[in-house]
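Asks: Pasting in a structure now, in structure tokens, and then I'll have a few things to ask.
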Amino acid sequence: MTNSHQKGSTLAMTLALLMLLVAMASRATSRTLNDPTMIARHEQWMAHHGHIYTDENEKQLRFQIFKNNVAYIEAHNARLDQSYTLEVNKFADLTNDEFRASRNGYKKQPDSDSRVVSGLFRYANVSAVPNEVDWRKEGAVTPVKDQGNCGCCWAFSAVAAMEGINKLENGKLVSLSEQELVDCDIDGIDQGCEGGLMENAFQFIEKRKGLAAESVYPYTGEDGMCNTKKAAIPAAKISGHEKVPANNEKALLQAVANQPVSIAIDASGYEFQFYSSGVFTGSCGTELDHAITAVGYGATMDGTKYWLMKNSWGTSWGENGYIRIKRDSLAKEGLCGIAMDPSYPVV
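When you line the sequence shown up against mature numbering (1 follows the signal peptide of the UniProt record, and there is no 0), it's residues -30 to -1, 1 to 317, in that order.
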């Protein structure tokens, strides 16, 4: 009887302790959710980025996402073994799925996994390349642009590569029109804000005998009707495009040493969404979903090799709109698949 009584008392005490712990956890969670410091931080973030929510319900939802993202970012930055940092940027109230849906727009080629490289690669016999290249220093890169909530990264990547080769071949840097591609290149895979491919964009530009200047056909950030009058005033032309041999960072180096190159990448993770600075070595796969432009390469003081990539998410993202991604990955595809589907225009 005594043992039974003792067991009952022990069980009661255990249950009471569990209830106390649950209550304490609940109060702690409540304090975290309503932490005045975090709430104030969210308010400051909203004011800085001009975010206005439709109602209190949406604001609370976005606050929860913001809070979770802040925790993720701070946990990453607290690790001493990271070569890059994250920041609470303008995308901090979006889930990664929401972010990808609005910002990424590379359409994977149906046969890209088994693509057989064919045709001309004009840089195949380039044996000596500089230790570092930065096409910005040569005046071959226009200021960073912002695609907004339109999945037309493919257009920005193709245009940046074309702007570069136009400068290198003709001596004049002209900001070209992504909007012409968004509005007019819609008969095939390329579908404006719903995604597209850089190679298809190059084919379109070649057939149309050039691309208008951005000043003539400015970017609106949404699908529109093709303005044939504006499109009929080309500011630059190309004669075609070539593919860099797939899964070959050496070949990619040969190409980037000679001109900016369009790159497809797996940019699906939170690390890419919140990238701030440093050489990116983050977790990523090879499910290509975004397009950027390689505008150089180099190495850090400690010898870490990297690719210099121009993005199209505005200057507040990354290193003033750029990201450095680790070069010479052990994977043949390159880190985040950057060597899987590169291409470049030719004049």
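For glycine and all other residues, C-beta sits at the position ideal for the given N, C-alpha and C.
It should be emphasised that the depicted structure is a prediction, and the values quoted were computed from it without experimental measurement.
Where DSSP assigns a beta bridge to Gly75, which residues make up the other side?
Replies: For Gly75, which the question treats as bridged, DSSP gives no partner whatsoever.
Asks: So for Asp104, helix, strand or coil by DSSP?
Replies: Residue state, collapsed to three classes: strand.
Asks: Quick check: the segment 100 to 114 against the segment 217 to 230, are there 3 or more CB pairs under 8 Å?
Replies: They touch, by the three-pair rule.
Asks: Less than 8 Å separating the beta-carbons of Gly194 and Gly118?
Replies: No, these two residues do not count as a Cβ contact at 8 Å.
Asks: Runs of 4 residues minimum, wholly inside the segment 185 to 265: which ones carry the alpha helix (DSSP H) assignment?
Replies: Within the segment 185 to 265, the complete alpha helix (DSSP H) runs of at least 4 residues are 198 to 201, 219 to 226 and 240 to 243.
Asks: Here's the rule I'm using: 16 or more other beta-carbon atoms within 10 Å means buried, otherwise exposed. How should residue 318 be labelled?
Replies: Outside the shown range of the chain, which is -30 to 317, sits residue 318, and nothing can be said about it.
Asks: Under the three-state reduction of DSSP, which class applies to Met310: helix, strand or coil?
Replies: Correct three-state label for Met310: coil.
Asks: Roughly how many angstroms lie between the CA atoms of Ile208 and Glu303, to the nearest whole one?
Replies: Computed Cα separation, rounded: 28 Å.
Asks: Ends of the beta strand (DSSP E) at Lys179?
Replies: Counting along the chain, Lys179 falls outside any beta strand (DSSP E), and DSSP gives it neither H nor E.
Asks: On the three-state DSSP scale, how would you describe Gly162?
Replies: If DSSP states are grouped into helix, strand and coil, Gly162 belongs with the helices.
Asks: Roughly how many whole angstroms lie between the Cα atoms of Ala301 and Val214?
Replies: Straight-line Cα distance between these residues: approximately 17 Å.
Asks: Which same chain residues end up closer than 7 Å to Met168 when comparing Cβ atoms and leaving out the 5 residues on each side of it in sequence?
Replies: Hits under 7 Å: Trp124, Ser127, Ala128, Ser232, Ala261 and Ser313.
Asks: Quick check: what's the CA-CA separation for Ala182 versus Arg32?
Replies: Those two C-alpha atoms are separated by around 39 Å.
Asks: Please state whether the Cβ-Cβ distance between Leu151 and Asp157 is less than 8 Å.
Replies: No.
Asks: Are the beta-carbon atoms of Thr65 and Gly248 separated by less than 8 Å?
Replies: Going by C-beta atoms, Thr65 is not nearer than 8 Å to Gly248.
Asks: Identify the continuous beta strand (DSSP E) that holds Trp277 and give its terminal residues.
Replies: Taken as a continuous stretch (DSSP letters only), the beta strand (DSSP E) holding Trp277 covers Lys275 to Lys280.
Asks: Could you check whether Gly266 and Val114 sit closer than 8 Å to each other, using their CB atoms as the reference points?
Replies: Contact: no.
Asks: According to the neighbour-count rule (16 or more other Cβ atoms, all chains shown, within 10 Å of its Cβ), is Ser282 buried or exposed?
Replies: So Ser282 counts as buried.
Asks: Does DSSP put Leu146 in a helix, a strand or coil?
Replies: Looking at Leu146 - three-state DSSP - the assignment turns out to be strand.
Asks: Mark Ala201 as exposed unless 16 or more other C-beta atoms lie within 10 angstroms of its C-beta, in which case mark it buried.
Replies: Ala201 comes out buried.
Asks: Specify the secondary structure class of Lys296 as computed by DSSP and reduced to three states.
Replies: Lys296: strand per DSSP, three-state reduction.
Asks: Helix, strand or coil: how does DSSP classify Thr112 here?
Replies: Three-state result, Thr112: coil.
Asks: State the DSSP-derived secondary structure class of Gly141, mapped to helix, strand or coil.
Replies: Here Gly141 sits in coil by DSSP.
Asks: Who are the Cβ neighbours of Cys254 in its own chain at under 6 Å, not counting the five residues just before and after it?
Replies: Result list for Cys254: Asp236, Gly239 and Cys306, in chain order.
Asks: Which stretch, first to last residue, makes up the alpha helix (DSSP H) that contains Tyr42?
Replies: Unbroken alpha helix (DSSP H) run through Tyr42: Glu26 to Ala48.
Asks: For Trp105 and Glu139, what's the separation of their Cα atoms in angstroms?
Replies: C-alpha separation (whole angstroms): 13 Å.
Asks: By the DSSP assignment, the alpha helix (DSSP H) with Thr7 in it spans what residues?
Replies: Pro6 to His19 is the extent of the alpha helix (DSSP H) around Thr7.
Asks: According to DSSP, which residues form a beta bridge with Tyr54?
Replies: Answer by DSSP bridge pairing, in chain order: Gly248.
Asks: Look at Phe244 and Glu57 and say whether their C-beta atoms are less than 8 Å apart.
Replies: In this structure, Glu57 lies closer than 8 Å to Phe244 by Cβ.
Asks: According to DSSP, simplified to helix, strand and coil, what is Glu68?
Replies: Helix, per DSSP.
Asks: Distance, Cα to Cα, Lys280 vs Ala131?
Replies: Near 10 Å, if we compare the C-alpha coordinates of Ala131 and Lys280.
Asks: Exposed or buried, which one is Ala94 when buried takes at least 16 other CB atoms within 10 Å?
Replies: Counting Cβ neighbours within 10 Å, Ala94 comes out exposed, since fewer than 16 surround it.
Asks: Using three-state DSSP, classify Trp283 as helix, strand or coil.
Replies: Here Trp283 sits in strand by DSSP.
Asks: With burial defined as no fewer than 16 other Cβ atoms inside 10 Å of the residue's Cβ, what is the status of Leu223: buried or exposed?
Replies: Buried: at least 16 other Cβ atoms inside 10 Å.
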